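Numbering (the working numbering), first residue to last: 2 to 557.
As C-alpha cells, then:
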C-alpha cells in the first residue's frame with residue numbers, strides 16, 4: 002500500500018495519531034477481527050450462564066463496539082484530497098484502503114434460505130407481470146370498456162401512468178412499513194392492494210375502475226420493489242448473497258415474460274384480458290400465505306431488541322451451529338440497537354448522505370440510460386429488420402434479458418458488483434452508439450435493420466448483466482441497518498419518479514430531436530455512469546452486512 006493512500010485518512014473525526022500508527026503497520030484490521038471474536042466469545046459465555054437469552058452488559062458492549070469500530074475506515078472520503086487519492090489508486094489499493102474484517106469461512110449449514118427467497122420473489126414476479134400485462138391487453142380492454150379509437154393513446158397513458166404513480170407512493174410507504182412492522186408482515190400487508198387491484202382490473206366495467214385497480218396494483222408493486230431486495234439481502238448468507246440478490250431481477254424478467262405468454266390466447270378470445278389481470282391475484286395470495294411460514298429478518302429482530310426471536314430465525318436460516326457467530330456479527334455492528342430508528346430527514350444528514358446519494362444515483366442512471374426507450378422501440382426496430390411478429394420481437398428482448406440476468410447471477414459473487422456495473426454501462430453505451438449510427442450513417446443504410454436488432458439485443462444483454470440487477474442488490478448492502486429500509490425506499494422512489502417522468506415526456510423529446518439523437522444522449526449518460534461508478538461505488542462481495550456497515554458508517 003502506498004503511503005499516499007493512507008494519508009487520506011488523516012484529519013478525520015475519531016482517528017488519532019495512535020490509530021494512524023496502527024493502520025500504517027496493518028494492525029487495524031486484525032484489531033477489528035479480534036474485537037468481533039471477543040464479542041462472539043462474550044455471547045457464548047452469556048448464553049451458557051443465562052438460559053433465557055442474551056444478557057450482554059450494555060456499558061461493556063458499548064466500549065467494546067466503540068473500540069472495534071476504531072479499526073475500520075470510512076469508504077467514502079470526507080475531503081477533496083481523499084477523493085482525489087482514491088480516484089487515482091488502483092482497484093487493489095482502493096480495496097486495501099478500506100480495512101474491513103475478512104469474511105469468515107463457513108462450513109456446511111443445516112439451515113435453509115432458498116424456499117424463503119422463493120416466496121419473497123413472488124413479489125418480484127408480480128412486479129414484472131403488472132408492468133407487462135397491459136401491453137398485450139390494451140387494445141382488447143379498450144374495445145370492451147368503450148374507449149373511443151382516438152382516445153386509446155390517452156387511455157393507455159392513464160392506465161400506464163397510474164401504475165407508475167402508485168408504485169412511487171408504494172416504494173416510499175414500503176420503507177416505513179418495513180421498519181415499523183417488520184419485513185414479513187409488510188409482505189402480507191402488500192398482498193392487500195395487489196389482490197384488490199387485480200380483482201378491480203379483472204372485473205372493471207369502466208375506465209375509472211380500471212385506473213383505480215391499476216393504482217392499487219402500482220402501490221403493491223412499489224412496496225414489493227423496496228422490500229423484496231431488502232428482505233433477500235438480510236436473510237442471505239454472505240457467500241451467496243450476490244447470487245440470491247440478483248434472483249430478484251431474474252424473477253422480474255420472468256414476470257414480464259409471463260405477461261407476454263398470458264396474452265397469447267387474446268386473438269382467439271378477446272375477453273381473455275380479464276383473465277390476464279385476474280390471475281395475478283393468485284401469486285399475491287400465495288405471497289401472503291408463504292410469509293406466515295417465513296422467518297423474520299434476524300437483523301430487524303436484533304435491532305428491535307428481540308434477541309430470542311432473532312436466534313430462532315438464524316437457526317432456521319443458517320442452522321444452530323451459526324447462531325453464536327451471526328449474533329456476534331450483529332452485536333459488533335449494532336449501531337442501530339443503541340440509537341432510535343432513523344427518520345426521513347436523517348437520510349440527508351452528513352453522516353449518511355454520501356452513501357444515500359450513491360443509491361439514488363444508481364437508480365437514476367438506470368432509468369436515464371434508456372432501457373424503457375429501447376424496449377418501447379424494439380418492435381419497430383425488429384420490423385425494420387423483417388421481423389413482423391410483435392410477439393417474436395418481445396420474446397427475443399425478454400429472452401435476452403432473462404439470459405443476461407442468469408449470467409449476472411452466476412458472476413455476482415465472483416466478479417463483484419462494481420465490475421459488473423462498469424461492464425454493463427460500458428456495453429450499454431456502445432450499443433446505444435450502434436443504434437444511433439444505424440439510423441443516421443448512410444454508409445450503414447443497407448445494414449441498418451440487422452445492426453439495429455444487434456444493437457438492441459446487445460443493449461438488453463448489457464443492461465441485464467449489471468445495470469438491471471445490481472442496484473437493487475447493492476443498496477441494502479451499503480445502507481446502515483437503522484436507515485436501510487427508508488434509504489432503499491428513497492432510492493426506489495427515485496427509480497419510479499424518473500420512470501414516470503421519462504414515460505410522460507419521452508415521445509415529445511423523440512418528436513422534437515429524433516430517435517437517433519435521443520439514443521446518442523442515452524449513450525452519453527451511460528458513459529457518465531461509468532465514470533461515476535468508478536469513483537464512488539465500492540465493492541461489497543464477500544463481506545457481511547455488518548462488516549460493510551462498520552466500514553461505511555464509523556461510530557460518531
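Think of the CB as a built atom: it goes at the ideal place given N, C-alpha and C, for glycine as much as any other residue.
All figures in this text were calculated on a predicted structure; none of them were measured in a lab.
Ranked by how close their Cα comes to the Cα of residue 345, the residues 486, 445, 464 have 486 in first place. Taken through DSSP and simplified to helix, strand or coil, residue 320 comes out as coil. Just measuring C-alpha positions, the residue of 445, 542, 257, 529 sitting nearest residue 241 is 542. Straight across, the Cα-Cα distance linking residue 162 with residue 409 is about 30 Å. Per the coordinates, the alpha-carbon of residue 448 lies some 15 Å from the alpha-carbon of residue 432. Taken in chain order, no unbroken stretch of beta strand (DSSP E) lies wholly in the stretch 163-244 with a span of 3 residues or more. Look at residue 275 here: in three-state DSSP terms it is helix. The Cβ atoms of residue 473 and residue 170 lie no closer than 9 Å to each other.
Two segments are said to touch when three or more pairs of C-beta atoms, one from each, lie closer than 8 Å; by this definition the stretch 422-429 does not touch the stretch 448-457. If you ignore the 5 residues before and after residue 471, its C-beta comes within less than 7 Å of the C-beta of 418, 421, 422, all in its own chain and listed in chain order.
If you draw a 10 Å sphere on the C-beta of residue 301, you find 16 or more other C-beta atoms in it, and that means buried.
At the C-beta level, residue 131 and residue 264 stay beyond 9 Å of one another. Per DSSP, reduced to three states, the secondary structure at residue 487 is helical. Taking the CA atoms as reference points, residue 176 sits about 19 Å from residue 500.
In the structure shown, residue 297 adopts coil according to DSSP, grouped into three states. By the criterion of at least three beta-carbon pairs nearer than 8 Å, the stretch 283-297 is in contact with the stretch 173-190.
The residue among 225, 374, 268 with its C-alpha nearest the C-alpha of residue 284 is 225.
Taken through DSSP and simplified to helix, strand or coil, residue 146 comes out as coil. For residue 472, the enclosing alpha helix (DSSP H) stretches over residues 471-479. In summary, residue 497 is buried, with 16 or more beta-carbon neighbours lying within 10 Å of its beta-carbon over all protein chains present.
In this structure, residue 227 sits near residue 489, with a CB-CB distance shorter than 9 Å. Taken atom to atom, the span from the alpha-carbon of residue 434 to that of residue 369 is near 15 Å.
Per DSSP, reduced to three states, the secondary structure at residue 135 is helical. If you look at residue 418, you'll find it in the alpha helix (DSSP H) that goes 418-441. Residues of the same chain with a CB within less than 8 Å of the CB of residue 437, apart from the 5 flanking positions on each side, are 517, 518, 520, 521, 524 in chain order.
Under the DSSP assignment, residue 280 falls outside any alpha helix (DSSP H); it carries neither an H nor an E label. Taking the Cα positions, residue 324 is about 54 Å away from residue 383.
For residue 531, the CB contacts under 8 Å within the same chain, skipping 5 residues up- and downstream, are 423, 426, 427, 430 in chain order. 207 is the residue among 513, 207, 398, 184 whose C-alpha sits nearest the C-alpha of residue 145. Of 442, 304, 459, the smallest CA-CA separation from residue 184 is found for 304. Contact annotation: residue 348 and residue 231 have beta-carbon atoms that are not nearer than 9 Å.
For residue 459, the uninterrupted alpha helix (DSSP H) segment begins and ends at 449-463. For residue 525, the uninterrupted alpha helix (DSSP H) segment begins and ends at 516-537. Residue 204 is classed as exposed because its beta carbon has fewer than 16 other beta carbons within 10 Å across all chains shown.
For residue 542, no alpha helix (DSSP H) encloses it, and the DSSP letter there is neither H nor E.
In the structure shown, residue 513 adopts helical secondary structure according to DSSP, grouped into three states.
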